[in-house]
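Novice: If you count the sequence shown from 1, position 59 lands on 851 in my numbering, and the numbers rise without skipping.
By construction, the Cβ of each residue, glycine as well, lies at the ideal position given by its N, Cα and C atoms.
Predicted, not measured: the structure shown is a model, and the values here were computed from it.
I'd like to ask some things about the structure below.
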Amino acid sequence: MQDFFNNVSRYPRYFITITLGIFFFLFDQLKPLLNKPVTAIALIGLIMGTFVFLVLTLQAMLGINPT
Numbered sequence: 793m794q795d796f797f798n799n800v801s802r803y804p805r806y807f808i809t810i811t812l813g814i815f816f817f818l819f820d821q822l823k824p825l826l827n828k829p830v831t832a833i834a835l836i837g838l839i840m841g842t843f844v845f846l847v848l849t850l851q852a853m854l855g856i857n858p859t
């Protein structure tokens, strides 16, 4: 039974490692776009727009009314 809990306790570390790896990979791919001001503004606008879309979608799905 101890082996079972030891195995289960490894999954959060695995999840965090995979998630950080994805974010580091995406940042490395998008870093050259930050060199030019026009593409940097477009990239920041895209990221902010995606975040706002995600927040509004989750608020509508969960029935959260911002006051």
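With distance defined between alpha-carbon atoms, name the residue in Asn857, Leu846, Leu835 and Val830 nearest to Phe819.
Specialist: Proximity to Phe819 across Asn857, Leu846, Leu835 and Val830 peaks at Leu835, based on C-alpha coordinates.
Novice: How about Leu825 and Thr831: are their beta carbons less than 8 Å apart?
Specialist: yes
Novice: Looking at the structure shown, is Lys823 part of a helix, part of a strand, or coil, going by DSSP?
Specialist: helix
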